[in-house]
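This report concerns only the one structure given below.
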Amino acid sequence: MFKFLDDLEEKMKNNRVIVVEGETGSGKTTQIPQFLVHAGFTQGYTKTGEKRIIACTQPRRVAAMSIAERVSAEMDVELGAEVGYTIRFEDVTSDKTVLKFMTDGMLLREAMTDPNLDRYSVIVLDEAHERTLSTDILMGLLKQVLERCDHLKIVVMSATLDAEKFQKYFDGAPLLRVPGRCFPVEIMYLPEPSKDYIDAAIRTVIQIHRYEGPGDILLFLTGQQEIEQVCDALSEESETMAEQYGELIPMPLYSSLPSHQQVKVFRRTAEGTRKIVVSTNISETSLTIDGIVYVVDSGFSKEKVYNPRIRVESLLVSPISRASAEQRAGRAGRTRPGKTFRLYTEKAYLNDLQQQTYPEIMRSNLSSTLLTLLKLGIQDVVHFDYMDPPAPETLMRALEQLHYLGALNDEGEFTTMGHQMAEFPLEPQLAKMLIESPRYNCSNEILSIAAVLSVPMIFMRPKEAGKAADAAKAQFNHTEGDHLTMLNAFHAFKQHNEDKDWCYENFLQHRSLKSANSVRNQLARIMQRLSIPMVSTDFSSRDYYTNIRKALANGFFMQVAHSDRTGHYHTIRDQQVVIMHPSCCLNYKPEWVVYYEFVLTNTNYIRTCTAINPEWLLEMAPHYYDLENFPQSEAKRSLERVQETLSK
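Sequential numbering from 7 applies to the sequence shown in my numbering.
Structure (structure tokens):
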């Protein structure tokens, strides 16, 4: 990167937007933000007299944290002083901060309170080729800011051949190409397609460890469950091979892994041992791990896919694109010539993989995104300058959902409720539930539930201690459902003074509960600012849990399932047949349940379920449960009977 810094400086002085295309490992992520600070691009002052600073956005939380740590070490400053980071529910910055790393979602939230982003002199959009929802919205927003303000410069950084598209979008912005520090990489394909890529991955890693020279291995899989399964299998294999071939140390890496475990993958291993990092596509471009010589590419990743017709967003295992395959292969040639083992045939690579991954905006539920755009003052969300416009049906479904939740009125205008909902860094249903909770005298409890739902799962269930974990969870179980069970566990955690050992004994994730507590405090501050009262029903009252269930139904009245006479559940509007997830604690089959998640695997599961009464739905959301326009079903007939009883 150093060879190109003069060129970068010249382009920065003469242009407001520049596009940097740099191969992975060129140092663009760590060097360009530092250079901008040293070259004096933190120029000018805000209207309130603060010195402007430089922001660098990342699509992933892990990357924002680890890069901030790396850059602060390179600049020889304390993390949180001159260099800091901000991610959802965590802010490690101070008045001294001149370089701030953050997720693109956090910069969007800042734009809600400061539409001109007056605090920043330069915004670096890193990993723009990942095209997350927030990145795409940010680019459209920054384009508008550039038109009306002259204090801001933009650097768009991409690792793939998409640079021309970014140049075109930003009206012919100049391009700076930076070559990577890449040694030659030999690519191997399977001669025949594999029936089981996990089995093939384990076999390939063992062969590398036995017969290839020194160097660490990076294995790409799709998600936490697979990664842990493979790490366990490799640990067992390592014991039998250690004496003859040296120790093989498996290290998992995925975004919900606690940060103290994530940093382990960057540590060097002792001589005579080999590290195998088993990772999701987080290691494809966002993070660079030194010492990797061998890459094993399963050819798959988990992708978010939204079906607007049945309103279901699911994480599906999908084949990667050719661009992703190239990124993965490039990881092998960072320190010396490397090898990439692709667990698919060359024919599949050439004929079956698409060139680029579809941007997230074209395969996501856009309710939260549209809420953000409306809060940013963009009224015409349909004709916003999207780099790739989403499908009209997806936009219509999102607007429809916001209308049912009360964020938009019948004319499609933003309501007071919508403004309040947009203040919370939560999905719209959770925000609505929080805002409405004082009506049911339980905002304190709903606040705790919203916080627990915003962090990784609080209940642990290790394979080797499944029965003990189930018994431990049973002591928190509430007969009416999972949300109340989570609340009981959170209350018990607070009563035991947040004790780590107590959590361990009761199979609870201490880190998740600590995180939930911190999230709760931040959400409470937002509620205070919005003058939403913090109230509770007396615990001894028979209405204590009933009120909480009512508040849950008020936020999630669109996520309801009804049990028919045969005992099968159907989603309320779209009549999808669903099954309660095995982790659900309801030990009977209530006729009506509200659910938090629809999980699509080989079966349609609803997860985190609580029993509700149907009359609540008719009272809370008469516009949604307008039975004249309701699809014919057993649920409709049941609701009609309830309505008849109520009118009597």
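Just so it is clear, CB atoms sit at the ideal spot from N, CA and C, and this is done for glycine as well.
Note that this is a predicted model, so its numbers are computed, not measured.
For residue i and residue j, I'd like the C-alpha separation in whole angstroms.
| i | j | result |
| --- | --- | --- |
| Ser5 | Leu113 | This structure cannot settle anything about residue 5, because the visible part of the chain is limited to 7 through 654. |
| Asn6 | Tyr446 | Residue 6 falls outside the range modelled here, since the chain spans only 7 to 654, and no answer is possible. |
| Asp296 | Val605 | 36 Å |
| Leu453 | Leu436 | 9 Å |
| Pro588 | Arg22 | 54 Å |
| Gly336 | Val299 | 10 Å |
| Gln268 | Lys506 | 20 Å |
| Glu399 | Lys308 | 23 Å |
| Gly383 | Gly412 | 18 Å |
| Pro596 | Val648 | 16 Å |
| Ser639 | Ala627 | 19 Å |
| Met393 | Tyr364 | 12 Å |
| Thr491 | Thr119 | 36 Å |
| Ser241 | Ser547 | 52 Å |
| Ser261 | Gly111 | 16 Å |
| Gln231 | Pro256 | 15 Å |
| Leu254 | Ser304 | 20 Å |
| Glu75 | Ser127 | 22 Å |
| Lys520 | Phe513 | 14 Å |
| Arg555 | Gln565 | 13 Å |
| Leu440 | Glu504 | 24 Å |
| Leu633 | Glu646 | 7 Å |
| Val130 | Tyr630 | 43 Å |
Going by other Cβ atoms of all chains shown within 10 Å of its Cβ, with 16 needed for buried, is residue i buried or exposed?
| i | result |
| --- | --- |
| Cys615 | buried |
| Gln40 | buried |
| Phe545 | exposed |
| Arg67 | buried |
| Arg643 | exposed |
| Cys155 | exposed |
| Asp177 | exposed |
| Lys281 | buried |
| Pro396 | buried |
| Arg348 | buried |
| Val271 | buried |
| Gly472 | exposed |
| Thr378 | buried |
| Tyr594 | exposed |
| Leu558 | buried |
| Val318 | buried |
| Glu27 | buried |
| Lys500 | exposed |
| Gly487 | buried |
| Phe306 | buried |
| Tyr217 | exposed |
| Ala69 | buried |
| Ala79 | exposed |
| Thr35 | buried |
| Asn608 | exposed |
Have a look at the DSSP bridge pairing and note the partners of residue i.
| i | result |
| --- | --- |
| Pro256 | Ile282 |
| Ile24 | Val161 |
| Leu14 | None, per the DSSP bridge assignment. |
| Tyr51 | Lys57 |
| Phe6 | Any answer about residue 6 is impossible in this case: the structure gives the chain only from 7 up to 654. |
Would you mind reading off the limits of the alpha helix (DSSP H) that contains residue i?
| i | result |
| --- | --- |
| Lys500 | 488–501 |
| Gln37 | 34–44 |
| Gln64 | Premise fails: Gln64 lies in the beta strand (DSSP E), 59–64, not in any alpha helix (DSSP H). |
| Pro434 | 434–442 |
| Ser449 | 449–459 |
| Gly561 | 550–561 |
| Val269 | Where Val269 is concerned, there is no enclosing alpha helix (DSSP H), given that its DSSP letter is neither H nor E. |
| Asp507 | 506–511 |
| Met427 | 422–429 |
| Ala338 | That residue, Ala338, is in no alpha helix (DSSP H); it is neither H nor E in DSSP. |
I need the boundaries of the beta strand (DSSP E) containing residue i, first residue and last residue.
| i | result |
| --- | --- |
| Ala627 | That residue, Ala627, is in no beta strand (DSSP E); it is neither H nor E in DSSP. |
| Asp222 | 222–226 |
| Asp303 | 298–303 |
| Gly344 | 344–348 |
| Asn313 | 306–313 |
| Tyr195 | 191–195 |
| Val184 | 181–184 |
| Glu232 | It is not in any beta strand (DSSP E) - Glu232 instead sits in the alpha helix (DSSP H) that spans 230–251. |
| Glu277 | It is not in any beta strand (DSSP E) - Glu277 carries neither H nor E in the DSSP assignment. |
| Val323 | 318–325 |
(request) Can you check the region 566–639 for any beta strand (DSSP E) of at least 3 residues that lies completely inside it and give the ranges in chain order? (result) 566–569, 575–577, 583–586, 598–606, 610–617
(request) Taking only runs that begin and end inside the region 85–159, name each unbroken beta strand (DSSP E) of 3 or more residues, in chain order. (result) 89–93, 96–98, 105–109, 126–131, all fully within the region 85–159.
(request) Pick out the complete alpha helix (DSSP H) segments inside the region 354–400, 4 residues or longer, and give them in chain order. (result) Listed in chain order, the complete alpha helix (DSSP H) runs (minimum 4 residues) inside the region 354–400 are 373–381.
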